[in-house]
Amino acid sequence: SQPFWSPDSRSLAFVAGGRLKNASVAGGAPKDVGPVEGFAGGSWNRDGTILYGSAKGLFRVSAEGGNQTAVTTLAAQETGHFWPDFLPDGRHFLYLAWSADAAHRAASLPVDF
Numbered sequence: 141s142q143p144f145w146s147p148d149s150r151s152l153a154f155v156a157g158g159r160l161k162n163a164s165v166a167g168g169a170p171k172d173v174g175p176v177e178g179f180a181g182g183s184w185n186r187d188g189t190i191l192y193g194s195a196k197g198l199f200r201v202s203a204e205g206g207n208q209t210a211v212t213t214l215a216a217q218e219t220g221h222f223w224p225d226f227l228p229d230g231r232h233f234l235y236l237a238w239s240a241d242a243a244h245r246a247a248s249l250p251v252d253f
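Residue numbers (this note's numbering): 141 to 253.
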């Protein structure tokens, strides 16, 4: 579910069975990147970094797999950071900060990690 393209459009990342995977459009078995909990949108930059959203915040992981690192922390009234999207420079990104209270919902300004 929730597929998204690599920056060169030669691979596609997706979630299956609670795990993030990527597959070459040329064929072959998908690579396992690692477990993802509550996945809510992903984005992949030219440096091979994948950002994904969740109810716990944004996380980054190498497209080749490895340790996942938290990139954002939820504010007290937020219930998740979702749908990250890298900007063309591949370092800055946008995401949706969600809250049950509509007054605390926002699209973030560009963020650099």
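From the three backbone atoms N, C-alpha and C, an ideal C-beta is built for every residue, glycine too.
DSSP-derived helix/strand/coil call for residue i
i, result
"Ala163", "strand"
"Ala215", "coil"
"Ala203", "coil"
"Ala169", "coil"
"Asn237", "Reading off the sequence shown, one finds Ala at residue 237, where the question assumed Asn. Residue state, collapsed to three classes: strand."
"Ala210", "strand"
Proximity below 8 Å, CB of residue i to CB of residue j
i, j, result
"His221", "Leu198", "yes"
"Thr213", "Ala240", "no"
"Ser164", "Ser149", "no"
"Gly188", "Ala203", "yes"
"Lys265", "Gly174", "Since the first residue shown for the chain is 141 and the last is 253, residue 265 is missing from the structure and cannot be characterised."
"Phe144", "Trp184", "yes"
"Gly157", "Arg186", "no"
Span of the beta strand (DSSP E) around residue i
i, result
"Ser151", "Ser151 to Ala156"
"Leu227", "Where Leu227 is concerned, there is no enclosing beta strand (DSSP E), given that its DSSP letter is neither H nor E."
Cut-off 7 Å between Cβ atoms - residues of its own chain near residue i, not counting five sequence neighbours on either side
i, result
"Gly181", "Gln142, Tyr192, Gly193, Phe222, Trp223 and Pro224"
"Asp172", "Arg159, Lys161 and Gly205"
"Pro170", "Lys161, Asn162 and Ala163"
Strand pairing of residue i, partner residues [DSSP]
i, result
"Gly188", "DSSP, once it has assigned bridges, lists no residue as partnering Gly188."
"Ser281", "Because the chain here runs from 141 to 253, residue 281 falls outside it and cannot be looked at."
"Gly174", "Leu160"
Neighbourhood of residue i by C-beta distance below 8 Å, restricted to the same chain and skipping five residues each side
i, result
"Trp238", "Glu218, Thr219, Gly220, His221, Phe222 and Arg245"
Cβ shell of residue i (< 6 Å), same chain only, five flanking positions each side left out
i, result
"Thr209", "Arg200"
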